[in-house]
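Protein chains: 2
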Amino acid sequence: MVAERAGTSIATVSLVVNGKDRGRVSAPIATRVRDAVEELGYVVDHAASSLARGSGDLVVLIAPDLSNPFFAEVIRGVRDTVGDRFQLVLSVTERGAQPVAADVRRFERLRPAGILVDAPAAGEAMTATVPVVLLDAPGGSEAVNYDLSPGVHDLVRHLHEQGHRRVGYLDGTSRATTFGVRRELFEQACAAAGIAVSEVTARADLTVDAAASATEHVIEAWQEDGVTAVVAAADTLAYGVLRVAGQLGIAVPGHLAVAGFDDLPSSSVTAPALTSVALPGADLGRAAALRLLATLDGIAPESASLPTHLVRRASTGA
Amino acid sequence: MVAERAGTSIATVSLVVNGKDRGRVSAPIATRVRDAVEELGYVVDHAASSLARGSGDLVVLIAPDLSNPFFAEVIRGVRDTVGDRFQLVLSVTERGAQPVAADVRRFERLRPAGILVDAPAAGEAMTATVPVVLLDAPGGSEAVNYDLSPGVHDLVRHLHEQGHRRVGYLDGTSRATTFGVRRELFEQACAAAGIAVSEVTARADLTVDAAASATEHVIEAWQEDGVTAVVAAADTLAYGVLRVAGQLGIAVPGHLAVAGFDDLPSSSVTAPALTSVALPGADLGRAAALRLLATLDGIAPESASLPTHLVRRASTGA
DNA sequence: CTGAAAGCGCTTACAG
DNA sequence: CTGAAAGCGCTTACAG
Chain Z
1 MVAERAGTSI ATVSLVVNGK DRGRVSAPIA TRVRDAVEEL GYVVDHAASS
51 LARGSGDLVV LIAPDLSNPF FAEVIRGVRD TVGDRFQLVL SVTERGAQPV
101 AADVRRFERL RPAGILVDAP AAGEAMTATV PVVLLDAPGG SEAVNYDLSP
151 GVHDLVRHLH EQGHRRVGYL DGTSRATTFG VRRELFEQAC AAAGIAVSEV
201 TARADLTVDA AASATEHVIE AWQEDGVTAV VAAADTLAYG VLRVAGQLGI
251 AVPGHLAVAG FDDLPSSSVT APALTSVALP GADLGRAAAL RLLATLDGIA
301 PESASLPTHL VRRASTGA
Chain A
1 MVAERAGTSI ATVSLVVNGK DRGRVSAPIA TRVRDAVEEL GYVVDHAASS
51 LARGSGDLVV LIAPDLSNPF FAEVIRGVRD TVGDRFQLVL SVTERGAQPV
101 AADVRRFERL RPAGILVDAP AAGEAMTATV PVVLLDAPGG SEAVNYDLSP
151 GVHDLVRHLH EQGHRRVGYL DGTSRATTFG VRRELFEQAC AAAGIAVSEV
201 TARADLTVDA AASATEHVIE AWQEDGVTAV VAAADTLAYG VLRVAGQLGI
251 AVPGHLAVAG FDDLPSSSVT APALTSVALP GADLGRAAAL RLLATLDGIA
301 PESASLPTHL VRRASTGA
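Protein chains in written order, with UniProt numbering: chain Z, 1 to 318; chain A, 1 to 318.
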């Protein structure tokens with residue numbers, strides 16, 4: 001239709017709308033085509049275009065839980081980076097489960113330009129016929145990760161300075177590898193610093209409610225065990241600890257110091273404000289998108305490891 | 001490849017993988033095809049399939065702000081309803097802006113089976129070549145909406161019973177129509193009940209921080225104006241009011257009652273627990289998805305209006 | 001019950 | 001600089 005109206009061929013229209021007309025199509029014809037496109041409100045068919053070209057302009061981001069403010073940040077970083085060149089679409093897994101290989105498979109069918117997978121389940125081989133970049137998947141070679149070491153070491157040193165010698169750890173139930181790494185690094189750093197990690201263990205789903213109820217179950221045991229500080233694997237979990245402490249009248253940080261991971265925006269406004277190992281979500285999204293773009297442009301992506309640092313706030317007496 | 005391995009034709013394979021083989025393909029051949037599909041890990045190409053068929057199996061949900069727990073609920077409802085029949089993909093607008101017609105246009109290219117638009121900007125004509133269902137867009141005919149009346153009237157009656165005669169209203173800055181409706185209904189109901197709505201107005205983006213800082217600006221004026229209760233257009237906003245009241249030592253509900261809209265999961269656990277007009281997000285998502293499915297099946301969808309009700313909690317002295 | 005063939009709307013060598 | 005033609009991987013009447 002457009003070709004007919006512009007008095008030219010379909011091939012020429014294709015060149016013009018794809019911006020490949022430089023030096024291939026004369027200016028007057030290109031203008032006629034653009035006018036026709038405008039008047040007809042023509043928009044290239046995505047399916048046909050993807051089919052002919054072999055892949056489309058979609059970038060898929062698969063994440064476990066979009067309602068988590070952390071992922072909102074990641075999404076922002078990805079979007080800012082892929083910009084107008086690609087169309088970003090999101091997919092959430094069922095009930096916050098970690099993305100698995102089958103999720104990638106399902107989106108491969110869409111022939112996206114690339115797939116980003118945030119916090120994939122451990123041990124899943126995320127290979128596809130399109131480029132895949134993993135976010136926050138320690139161990140994967142195709143991944144963009146945080147370097148948790150500096151943040152964790154700062155945290156442990158800070159706790160030590162504040163006089164804590166026995167701490168509790170509230171872990172997540174998530175299958176994401178990053179939680180294993182957080183815990184391991186933390187325990188190693190504690191051992192090195194002469195801080196004992198209580199044998200009383202607790203874990204919860206990544207919600208305030210779940211964390212609160214897990215905390216209720218172990219808080220007495222922690223107290224009896226001489227724990228003076230609790231570190232949670234995520235800020236959301238730490239909020240649960242804060243809530244229970246508040247309800248039980250346990251002074252924070254006086255009787256119990258609390259810290260988390262993520263440094264969510266709301267962590268500066270909890271009561272008391274939460275000390276946290278900052279994992280800049282937008283940076284992660286940006287780095288992952290850059291890596292994907294590099295791959296698509298045929299450039300060997302450099303492996304990215306994003307710095308982390310400790311944000312000291314009132315919950316640990318800072 | 002699959003056809004070759006199964007010793008049959010491409011057409012037959014197509015019938016089998018699309019489950020259209022009943023009475024058209026013999027059992028042994030169908031089995032051979034399925035085996036071949038299994039062994040080769042074959043998955044139908046979405047682009048080619050969409051192109052040949054005219055439309056695909058994608059359902060697109062465009063929403064302004066996925067990090068809002070309310071939308072997380074909506075998404076859950078949609079997903080539960082579209083199930084395996086369609087592939088749900090999400091799109092977030094830039095910086096939480098209300099979805100506009102251009103967003104719909106952009107996703108039309110994907111040839112989805114249908115498009116769901118949550119909280120679209122007011123006055124946008126959301127027409128497309130594929131079925132579009134609007135969520136929470138009062139006034140639109142293709143929309144699934146809440147019937148806010150019962151909830152708002154219960155709220156006003158409740159405030160009246162608690163002795164409030166002068167209230168403040170904290171509005172959202174969102175362009176979504178629903179906020180206008182909330183305010184209007186509330187003011188009408190107040191007028192009818194003999195409650196004055198303070199002229200001191202405040203509005204904020206839908207975040208706790210923004211609401212808190214907006215509240216800080218007007219709280220004194222409200223107090224001077226004799227306001228004894230504040231109603232916020234969303235629970236997220238009400239959290240900001242609660243925070244400021246807490247910081248200033250204003251007793252809730254003793255000196256100031258607070259209520260919101262949405263009844264987010266976290267509203268039962270704020271301090272104090274928040275009275276709220278419940279807008280069941282999952283129900284909205286479910287109703288919208290059902291409406292889309294009905295349209296796709298050629299059934300005239302019945303217009304849906306979802307009931308709302310008041311959840312009374314401690315923040316208004318309940 | 002099965003398969004050859006047209007066609008979905010594009011893109012891209014290729015020939016002119 | 002321009003256009004005719006092949007082909008992307010499917011689906012679906014249609015003929016057998």
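We put the beta carbon where it would ideally sit given N, CA and C, even for glycine.
{"Item": "Any alpha helix (DSSP H) of 4 or more consecutive residues that is wholly inside the stretch 108-172 of chain Z", "Value": "149-161"}
{"Item": "Secondary structure of residue 216 of chain A, DSSP reduced to three states", "Value": "helix"}
{"Item": "Under 8 angstroms from the C-beta of residue 75 of chain A: neighbouring residues of chain Z", "Value": "66, 92"}
{"Item": "For residue 309 of chain Z, the three-state DSSP class (helix, strand or coil)", "Value": "strand"}
{"Item": "Nonlocal neighbours in the same chain, by C-beta distance under 6 angstroms from residue 63 of chain Z, ignoring five residues either side", "Value": "71, 118"}
{"Item": "Assigned exposure category for residue 67 of chain Z - 16 Cβ within 10 Å defines buried", "Value": "buried"}
{"Item": "Partners in chain A for residue 289 of chain Z, counting only beta-carbon separations shorter than 9 angstroms", "Value": "Those within 9 angstroms of residue 289 of chain Z in chain A number zero; the least Cβ separation is about 15 angstroms."}
{"Item": "Separation of residue 204 of chain A from residue 237 of chain A, as counted between CA atoms", "Value": "8 angstroms"}
{"Item": "Residue range of the unbroken alpha helix (DSSP H) whose run includes residue 39 of chain Z", "Value": "27-40"}
{"Item": "Contact set between residue 286 of chain A and chain Z, taken where Cβ atoms lie within less than 9 angstroms", "Value": "In chain order: nothing, as chain Z lies at least about 16 angstroms away."}
{"Item": "Run of the beta strand (DSSP E) containing residue 199 of chain Z, from where it starts to where it stops", "Value": "196-204"}
{"Item": "Residues that residue 110 of chain Z contacts on chain A, provided the C-beta gap is smaller than 7 angstroms", "Value": "46"}
{"Item": "Limits of the beta strand (DSSP E) - the one that residue 98 of chain Z falls within", "Value": "Premise fails: residue 98 of chain Z is in no beta strand (DSSP E) and is neither H nor E."}
{"Item": "C-alpha gap between residue 231 of chain A and residue 167 of chain A, whole angstroms", "Value": "7 angstroms"}
{"Item": "Among A:153, A:134, A:35, A:21, nearest to residue 7 of chain A - alpha-carbon criterion", "Value": "A:35"}
{"Item": "Straight-line Cα distance separating residue 272 of chain A from residue 192 of chain Z", "Value": "43 angstroms"}
{"Item": "C-alpha distance - residue 128 of chain Z paired with residue 46 of chain A, whole-angstrom precision", "Value": "15 angstroms"}
{"Item": "Expected contact under 8 angstroms - CB spacing of residue 215 of chain Z and residue 244 of chain Z to nearest Å", "Value": "4 angstroms"}
{"Item": "Residue 51 of chain Z: contacting residues in chain A (beta-carbon distance under 7 angstroms)", "Value": "47, 48, 51"}
{"Item": "Rounded straight-line distance, which links the Cα of residue 274 of chain Z to that of residue 241 of chain Z", "Value": "11 angstroms"}
{"Item": "CB contact below 9 angstroms: residue 249 of chain Z versus chain A", "Value": "no"}
{"Item": "Nearest-angstrom Cα separation, counted from residue 207 of chain Z out to residue 296 of chain A", "Value": "37 angstroms"}
{"Item": "Beta-carbon separation (whole angstroms), residue 17 of chain A vs residue 37 of chain A, contact threshold 8 angstroms", "Value": "6 angstroms"}
{"Item": "Residues of its chain near residue 105 of chain A, where Cβ-Cβ distance is below 8 angstroms and the 5 sequence neighbours each way are ignored", "Value": "128"}
{"Item": "Secondary structure of residue 263 of chain Z, DSSP reduced to three states", "Value": "coil"}
{"Item": "Near the ligand NAP: residue 155 of chain Z beta-carbon under 8 angstroms from a heavy atom", "Value": "By its list of ligands, the structure shown contains no ligand whatsoever, and the ligand NAP lies outside what it can speak to."}
{"Item": "Best match in Z:108, Z:317, Z:96 for proximity to residue 276 of chain Z [C-alpha to C-alpha]", "Value": "Z:317"}
{"Item": "Supposed close pair residue 69 of chain Z, residue 264 of chain Z - CB separation, criterion 8 angstroms", "Value": "5 angstroms"}
{"Item": "Nearest-angstrom beta carbon gap, residue 113 of chain Z and residue 56 of chain Z [assumed within contact, 8 angstroms]", "Value": "6 angstroms"}
{"Item": "Alpha-carbon to alpha-carbon, residue 44 of chain A and residue 171 of chain Z", "Value": "41 angstroms"}
{"Item": "Own chain residues within Cβ distance below 6 angstroms of residue 190 of chain Z, not counting five before or after", "Value": "156, 197"}
{"Item": "Residue 364 of chain A burial status per 10 Å Cβ neighbour count (16 or more: buried)", "Value": "Residue 364 of chain A lies beyond the range of chain A shown here (1 to 318); nothing can be said about it."}
{"Item": "DSSP-derived helix/strand/coil call for residue 274 of chain Z", "Value": "coil"}
{"Item": "Start and end residues, beta strand (DSSP E) containing residue 232 of chain A", "Value": "229-232"}
{"Item": "Residue of A:143, A:12, A:233, A:9 minimising C-alpha distance to residue 151 of chain A", "Value": "A:233"}
{"Item": "Segment contact flag, the stretch 20-35 of chain A with the stretch 300-317 of chain Z, C-beta cutoff 8 angstroms, min 3 pairs", "Value": "no"}
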